[in-house]
Amino acid sequence: MSKTGQKQPAGAMSHRLRRKREQSLLPAEDSMAGGDPDAERMAENAGLDCGWGQLLFAHTFHDQEQLIDRLLAEKPDRRDIAFYVRDPHVLLALAPQEIFLDPSHTYRLELSTYRHAGDPPRGFDVRRMGTRSDADAVNRIYNACGMVAVDPEFFWQHRDSRELVYFVAADEASGEIIGSVTGVDHGRVYNDPENGASLWCLAVDPRANHAKVGEALTRHLIAHFAARGCRYVDLSVIHDNESAIKLYERLGFERTPFFTVKRKNPINEKLFTGMSLEDGLNPYAAIIVEEARRRGVAVDVLDAEGGFFRLTFGGRSIVCRESLTELTSAIAMSRCDDKAVTRRLMSEIGLDVAEAADGNDLDAAAELLAREGSVVVKPARGEQGRGVTVDVRDVESLKTAIETARSYCPDVLVETCVPGDDLRVIVIDNAVVAGALRKRPAIAGDGSATVKQLVEGLSRRRAAATGGESEIPVDAETERCIRAGGYGWDDVLPSGETLEVRRTANLHTGGTLHDVTDLLHPRIVEASISAAKALDTPVVGLDFIVKAPVLDEFVFIEANERPGLANHEPQPVVERFLDLLFPHTIRVDVPRQGADRVHA
45 MSKTGQKQPA
55 GAMSHRLRRK
65 REQSLLPAED
75 SMAGGDPDAE
85 RMAENAGLDC
95 GWGQLLFAHT
105 FHDQEQLIDR
115 LLAEKPDRRD
125 IAFYVRDPHV
135 LLALAPQEIF
145 LDPSHTYRLE
155 LSTYRHAGDP
165 PRGFDVRRMG
175 TRSDADAVNR
185 IYNACGMVAV
195 DPEFFWQHRD
205 SRELVYFVAA
215 DEASGEIIGS
225 VTGVDHGRVY
235 NDPENGASLW
245 CLAVDPRANH
255 AKVGEALTRH
265 LIAHFAARGC
275 RYVDLSVIHD
285 NESAIKLYER
295 LGFERTPFFT
305 VKRKNPINEK
315 LFTGMSLEDG
325 LNPYAAIIVE
335 EARRRGVAVD
345 VLDAEGGFFR
355 LTFGGRSIVC
365 RESLTELTSA
375 IAMSRCDDKA
385 VTRRLMSEIG
395 LDVAEAADGN
405 DLDAAAELLA
415 REGSVVVKPA
425 RGEQGRGVTV
435 DVRDVESLKT
445 AIETARSYCP
455 DVLVETCVPG
465 DDLRVIVIDN
475 AVVAGALRKR
485 PAIAGDGSAT
495 VKQLVEGLSR
505 RRAAATGGES
515 EIPVDAETER
525 CIRAGGYGWD
535 DVLPSGETLE
545 VRRTANLHTG
555 GTLHDVTDLL
565 HPRIVEASIS
575 AAKALDTPVV
585 GLDFIVKAPV
595 LDEFVFIEAN
605 ERPGLANHEP
615 QPVVERFLDL
625 LFPHTIRVDV
635 PRQGADRVHA
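Okay, so the sequence shown: first residue is 45 according to the working numbering, each after it adds one.
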């Protein structure tokens, strides 16, 4: 048996011993030839703790068994990476059940040929990570991008590290961190004779409305290492990340024949299991299926396109459509589906609702408009913001908005347009699990791109961040909002100016969610739980208009019986959803966090 516990085929051990000193795995093997004194001083078995896991420089391990041992010593919830593996087939043969070949490409940029030709960032600055709040913000972006979290204290302790360097992109107006990149100086880590460096963890906030944030961070890191006298910058990128690959190739990075090996663990599962049960499901269904599989709950996908699946555990079987389950009665579903019914119920329990009129009674709707000055027109039944027109100010626009809403549902509701922000509150099993402000999509001008180019770019970024679920429609409503802001599709938006391109904050039309669970006023929490009980539904998304989540002023808007659970990081919404369905799968050794305290 080997150190890894894997039984070796006949002759394998002797072959490994013969190869032990022959196999160098160097990124630049020639640098080790001819008795180069630098090569003799290069550190052996070099690794670097990056917070998310160990970065192991495979070419410094002359004994591959030691590299295997280091990979198998990976800590829980970490993602160790063996980089610069030249002959992965040899390494994999030693522990095929424990490690796998990562499906990523390695790219290199020779700094001697790099020419900086990019425009300076507009609307945001790139600087070193400098505060603890910077570190917290970077972790928030990691969570939003599905990356392994890093202890903020690790960031803080390594802010002046000679091996690691962290840069962040900060919005000039708000100071909010919208992106981050990590660099590793190989000379500092293992006395690299090639004097190289590498780029890791390039991450941009999916909610950012600025263009070219990733490019600016990458260029800044390149310039940093060029100033240090480094010869090259390498990186590893997943093979199907087309947008990132296009960026790197545009900057001059070229493919190199080095590979990455990782340990088989739950974090890496998608990379080595191939086709999975959730393939074909949208993100709202897939995230539930993934959590179910982690708990040992059996999954049977019934209709991937429709988001239907069956979960079975311990003799109990429940059919779901995303977060809608058989536990929600038809009565509860109809109460949420019909916005007029929902409004009446909320009024009866004492919640403030926006004043409304029947959209099919034009005189009544026009009277409400004349009295209030601005209204919202929406289908009485519908979801995802379809057919909704916000901030209607004249009768002709009112008629057009009513016809648009009527194309989705024959019954139309006209409501007072209440100023404030959209707040989505998720209630599961009569407990508030998450609260998030929903921000309307807005583009940030750079002084050169047209409004249409900026909208298309933001839409692509939103789609990439949400698995295609969020895009900004290029339709009459978007054009109406753009013209209301004083611009047309072909106008250039001045640098530093922001323009809202939709008046609704729905995720499906380009909106973004910002977690405010810990900021919710107790009255909002109480109202949300009361609303869920009145609707008699175990899972619901409730929408309010608020001046601020910390205030007790709010107006109820509507309820969603099938709320999306995939956009409320870092709150444990999916975990609480599975707790409701299968309480016997709750892990008692894991502390329940955050919003779990907010019960009736």
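By construction, the Cβ of each residue, glycine as well, lies at the ideal position given by its N, Cα and C atoms.
Three-way DSSP call (helix, strand, coil) for Arg339 in this model: Here residue 339 refers to the residue found at position 295 of the sequence shown. Reduced to three states, the DSSP call for Arg339 is coil.
Neighbourhood of Ala348 by C-beta distance below 6 Å, restricted to the same chain and skipping five residues each side: Along the sequence shown, one-based indexing puts residue 348 at 304. Cβ neighbours of Ala348 within its own chain (closer than 6 Å, five residues either side excluded): Gly324, Leu325.
Using only alpha-carbon positions, find the residue among Ser205, Thr561, Ala267, Leu557 that is nearest to Ser156. Locating residue 156 in the sequence shown gives position 112, where the first residue counts as 1. Nearest of Ser205, Thr561, Ala267, Leu557 to Ser156, Cα basis: Ala267.
Going by beta-carbon coordinates alone, are His612 and Ala480 separated by less than 8 Å? Residue mapping note: residue 612 aligns to position 568 of the sequence shown, counting from 1. Residue mapping note: residue 480 aligns to position 436 of the sequence shown, counting from 1. Yes, the pair counts as a contact, with Cβ atoms nearer than the cut-off.
Using a Cβ-Cβ cut-off of 8 Å (strictly less than) and excluding sequence neighbours within five positions of Thr522, which residues of its own chain qualify? Taking the first residue of the sequence shown as 1, we reach residue 522 at position 478. Within the same chain, Thr522 has close Cβ partners Val499, Ile516, Val545, Arg546.
Return the residue from the list Leu537, Leu624, Pro327, Leu595 that minimises the CA-CA distance to Ile472. Here residue 472 refers to the residue found at position 428 when the sequence shown is read from its first residue. The closest CA to that of Ile472, considering only Leu537, Leu624, Pro327, Leu595, is found on Leu624.
Give the secondary structure of Lys256 by DSSP, where H, G and I count as helix, E and B as strand, and everything else as coil. The residue given as residue 256 occupies position 212 in the sequence shown. Three-state DSSP puts Lys256 in coil, outside helix and strand.
Within this structure, are the beta carbons of His103 and Arg85 separated by less than 8 Å? Residue numbering aside, residue 103 sits at position 59 when the sequence shown is read from its first letter. Residue numbering aside, residue 85 sits at position 41 when the sequence shown is read from its first letter. For His103 and Arg85, no; Cβs fall outside 8 Å.
Report the CB separation of Ser148 from Ser280 in whole angstroms; it is logged as a contact under 8 Å. As a first step, residue 148 is located in the sequence shown; it is residue number 104 there, counting from the start. As a first step, residue 280 is located in the sequence shown; it is residue number 236 there, counting from the start. The C-beta separation of Ser148 from Ser280 comes to about 5 Å, placing the pair in contact by the 8 Å criterion.
Beta-ladder partner(s) of Gly554, from DSSP: Taking the first residue of the sequence shown as position 1, residue 554 is located at position 510. Beta-bridge pairing links Gly554 to no other residue.
Among Tyr234, Arg504, Glu216, Arg263, whose alpha-carbon lies nearest the alpha-carbon of Ala161? In the sequence shown, residue 161 corresponds to position 117, counting from 1. Distances from the CA of Ala161 to each of Tyr234, Arg504, Glu216, Arg263 were compared; the closest alpha carbon is that of Arg263.
Which runs of the alpha helix (DSSP H) at least 4 residues long sit entirely within the stretch 370–456? Give them in chain order. The stretch 370–456 contains, as complete alpha helix (DSSP H) runs of 4+ residues, the segments 374–381, 383–392, 406–416, 439–450 (chain order).
CA-to-CA distance, Glu619 to Gly350, given in whole angstroms: What you label residue 350 is simply residue 306 of the sequence shown in a count that begins at 1. What you label residue 619 is simply residue 575 of the sequence shown in a count that begins at 1. About 22 Å.
Tell me whether Ala90 sits in a helix, a strand or coil according to DSSP, three-state version. Counting from one through the sequence shown, the residue named residue 90 turns up at place 46. Here Ala90 sits in coil by DSSP.
Spatial neighbours of His254 within its chain, please: CB distance less than 6 Å, with the 5 preceding and 5 following residues excluded, ordered by chain position. Here the question's residue 254 lines up with position 210 in the sequence shown. Correct list, in chain order: Gly167, Phe168, Ala488.
Excluding five sequence neighbours on each side, which residues of the same chain lie with their C-beta closer than 7 Å to the C-beta of Asp249? The count along the sequence shown starts at 1 and reaches residue 249 at position 205. Hits under 7 Å: Ile185, Ala188, Ile222, Gly223.
Assign Ile446 to buried or exposed, taking buried as 16 or more other Cβ atoms, counted over all protein chains shown, within 10 Å of its Cβ. Within the sequence shown, residue 446 is the residue found at index 402, counting from 1. When all chains shown are included, Ile446 counts as buried.
May I ask you to report which of helix, strand or coil DSSP gives Ser177? For the purposes of this step, residue 177 is taken as the residue at position 133 of the sequence shown. The DSSP-derived three-state label of Ser177 is helix.
Inter-residue spacing [alpha-carbon to alpha-carbon] between Glu366 and Ala330: In the sequence shown, the residue the question calls residue 366 occupies position 322. In the sequence shown, the residue the question calls residue 330 occupies position 286. If I take the Cα positions, the gap works out to 8 Å.
DSSP three-state call for Ser503: helix, strand or coil? On the sequence shown, position 459 is the one that residue 503 refers to. Per DSSP, reduced to three states, the secondary structure at Ser503 is helical.
Can you tell me whether Asn474 is helix, strand or coil according to DSSP? Here the question's residue 474 lines up with position 430 in the sequence shown. Coil at Asn474, not helix or strand.
Starting from the Cα of Arg450, find the closest Cα among Asp402, Leu609, Leu389 and give me that residue. As a working note, residue 450 is residue 406 in the sequence shown. From the listed residues Asp402, Leu609, Leu389, the smallest Cα separation to Arg450 is found for Asp402.
Rounded C-alpha distance that separates Leu368 from Gly219: To locate residue 368, count along the sequence shown from 1; it is residue 324. To locate residue 219, count along the sequence shown from 1; it is residue 175. One C-alpha to the other measures close to 38 Å.
With a cut-off of 8 Å, do at least 3 Cβ pairs link the stretch 406–424 to the stretch 452–460? At 8 Å Cβ cutoff, the stretches touch.
With 16 as the cutoff for other CB atoms within 10 Å, does Asp519 come out buried or exposed? Within the sequence shown, residue 519 is the residue found at index 475, counting from 1. Per the 10 Å Cβ criterion, exposed.
Count the other CB atoms within 10 Å of the CB of Leu346; is the residue buried (16 or more) or exposed (fewer)? Start at 1 with the first residue of the sequence shown, and residue 346 comes out as number 302. Around the C-beta of Leu346, fewer than 16 other C-beta atoms lie within 10 Å, and the residue is accordingly described as exposed.
Can you tell me which of the three DSSP states Pro71 falls into? The sequence position of residue 71 within the sequence shown is 27, counting from 1. Bear in mind that a pLDDT of 48 at Pro71, under 50, signals an unreliable position, so the model cannot answer this.
Looking at the structure shown, is Pro140 part of a helix, part of a strand, or coil, going by DSSP? Start at 1 with the first residue of the sequence shown, and residue 140 comes out as number 96. In the structure shown, Pro140 sits in coil (DSSP, three-state: anything other than H, G, I, E or B).
Boundaries of the beta strand (DSSP E) in which Arg172 is found, first to last residue: The residue given as residue 172 occupies position 128 in the sequence shown. If you look at Arg172, you'll find it in the beta strand (DSSP E) that goes 168–172.
If I measure Cβ to Cβ from Val594 and keep anything under 7 Å in the same chain, skipping five residues before and after, which residues do I get? The residue labelled residue 594 in the question sits at position 550 within the sequence shown. Only Leu563, His565 meet the Cβ criterion.
In chain order, which continuous runs of the alpha helix (DSSP H) of length 4 or greater are located wholly inside the stretch 193–259? Contiguous alpha helix (DSSP H) elements confined to the stretch 193–259 occur at 196–201, 230–234, taking only those with 4 or more residues.
The beta strand (DSSP E) with Ala549 in it runs from where to where? Against the sequence shown, residue 549 aligns to sequence position 505. Where Ala549 is concerned, there is no enclosing beta strand (DSSP E), given that its DSSP letter is neither H nor E.
Roughly how many angstroms lie between the CA atoms of Pro463 and Leu412, to the nearest whole one? Position 419 of the sequence shown holds residue 463. Position 368 of the sequence shown holds residue 412. Going by the C-alpha atoms only, they are around 16 Å apart.
Nearest-angstrom Cα distance between Ser391 and Asp587? As a first step, residue 391 is located in the sequence shown; it is residue number 347 there, counting from the start. As a first step, residue 587 is located in the sequence shown; it is residue number 543 there, counting from the start. Taking the straight line from one Cα to the other gives about 15 Å.
What is the C-beta distance between Val233 and Arg122, in whole angstroms, given that I count them as a contact (C-beta under 8 Å)? Sequence index remark: in the sequence shown, residue 233 carries index 189 (1-based). Sequence index remark: in the sequence shown, residue 122 carries index 78 (1-based). Cβ-Cβ separation between Val233 and Arg122: approximately 18 Å, too far for a contact (criterion under 8 Å).
Start and end residues, beta strand (DSSP E) containing Phe127: As a working note, residue 127 is residue 83 in the sequence shown. Looking at the DSSP string, the run of the beta strand (DSSP E) that includes Phe127 is 125–129.
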